[in-house]
Amino acid sequence: MTAEHLARAWDEAAAGYDAYYVPRFAPWVSAAVHALPAVLPEGPVVVPCCGTFPELDELGARLPGREIVGLDLSAGMAARARRRAAGNPLVRVVEGDASELEPASAAAVVSVFGLQQLPEPDAALRSWAGALRPGGVLSVVYWPHSTEPGGPFTVLSEVLRERVPAGDRSWEGRLVPALEDVVLERDEPLSFPMTHPDADTFFTAHTRSGPMRPLADARGEEFIAALRAEFLRRSPAGEWRHRPAARHIVARA
4 MTAEHLARAW
14 DEAAAGYDAY
24 YVPRFAPWVS
34 AAVHALPAVL
44 PEGPVVVPCC
54 GTFPELDELG
64 ARLPGREIVG
74 LDLSAGMAAR
84 ARRRAAGNPL
94 VRVVEGDASE
104 LEPASAAAVV
114 SVFGLQQLPE
124 PDAALRSWAG
134 ALRPGGVLSV
144 VYWPHSTEPG
154 GPFTVLSEVL
164 RERVPAGDRS
174 WEGRLVPALE
184 DVVLERDEPL
194 SFPMTHPDAD
204 TFFTAHTRSG
214 PMRPLADARG
224 EEFIAALRAE
234 FLRRSPAGEW
244 RHRPAARHIV
254 ARA
């Protein structure tokens with residue numbers, strides 16, 4: 004899947020992502036931001052894969068007076084991020100590839116649920132760590148291969164694996180080695196409760212406004228309809244509560 008295809012899919016998903024996922028992901032965003040110390044070296048806080056920039060308000064409150072730079076490949080996401088940042092002269096939103104940052108350019112790098120979307124997550128993490136100035140801090144939250152037993156993410160992954168060849172997840176084992184030039188301070192699960200009105204609402208959000216939007220665009224309506232039917236067959240009725248576990252990495256230069 005090309006970068007252009009990915010960007011276009013996220014352009015189309017931006018409004019739905021903001022409405023459905025941003026409120027549900029808020030606890031993870033807060034944890035990532037609050038892992039930053041109050042004292043940092045000079046320079047901006049960089050947020051690669053910023054999406055619609057849900058980190059912005061908490062970053063501004065935690066680090067008043069600090070320049071904040073968001074970076075995202077999707078023009079649609081970047082447009083919504085700029086609207087969120089409107090009127091704040093300390094904030095810039097840049098449309099571009101978040102996989103590689105300028106070395107020694109940032110006081111901190113914060114990213115929530117963007118790393119696993121990149122083509123080479125381990126290489127991106129190495130670049131993000133390399134972007135830190137001495138004393139700078141990296142705080143990254145990402146979804147690992149396994150998030151929980153029996154939750155909607157897991158059920159959908161199982162249904163999907165039966166129809167689409169599994170992607171290479173070997174990058175997960177290369178993340179910590181990619182941080183060889185910084186001090187790893189934290190590598191731990193980060194779990195919060197999440198609620199969906201029902202399985203169908205979750206599936207619709209995930210395929211129209213979430214990480215499966217590029218696949219849905221590529222495979223078409225017939226494929227998604229079959230996927231939906233099997234997912235709903237395996238899912239509980241009514242409101243679906245679960246507690247997925249992301250992974251939180253914190254490192255210091």
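Numbering (our numbering), first residue to last: 4 to 256.
We treat Cβ as the ideally placed atom computed from N, Cα and C, and that holds for glycine.
A contact is defined here as three or more CB-CB pairs under 8 Å, and the stretch 78-92 fails this definition with respect to the stretch 107-117.
Taking the CA atoms as reference points, Gly213 sits about 11 Å from Gly54. If only complete runs of 4 or more residues are kept, the stretch 103-150 shows the alpha helix (DSSP H) at 124-133, in order along the chain. In the structure shown, the three-state DSSP call for Ser238 is coil.
Linking Glu191 to Arg255 through their CA atoms gives a straight-line distance of about 16 Å.
Between Pro30 and Phe195, the beta carbon gap of about 4 Å places them in contact (Cβ cut-off 8 Å).
Annotation for Thr204: no residue places its beta carbon closer than 7 Å to its own, counting only its chain and skipping 5 residues before and after. Annotation for Tyr145: Leu118, Gln119, Arg250 place their beta carbon closer than 6 Å to its own, counting only its chain and skipping 5 residues before and after. The Cβ atoms of Ala240 and Tyr23 lie no closer than 9 Å to each other. Distances from the CA of Glu70 to each of Ile252, Ser108, Leu178 were compared; the closest alpha carbon is that of Ser108. Following the DSSP letters along the chain, one finds Ser194 inside the beta strand (DSSP E) bounded by residues 186-194.
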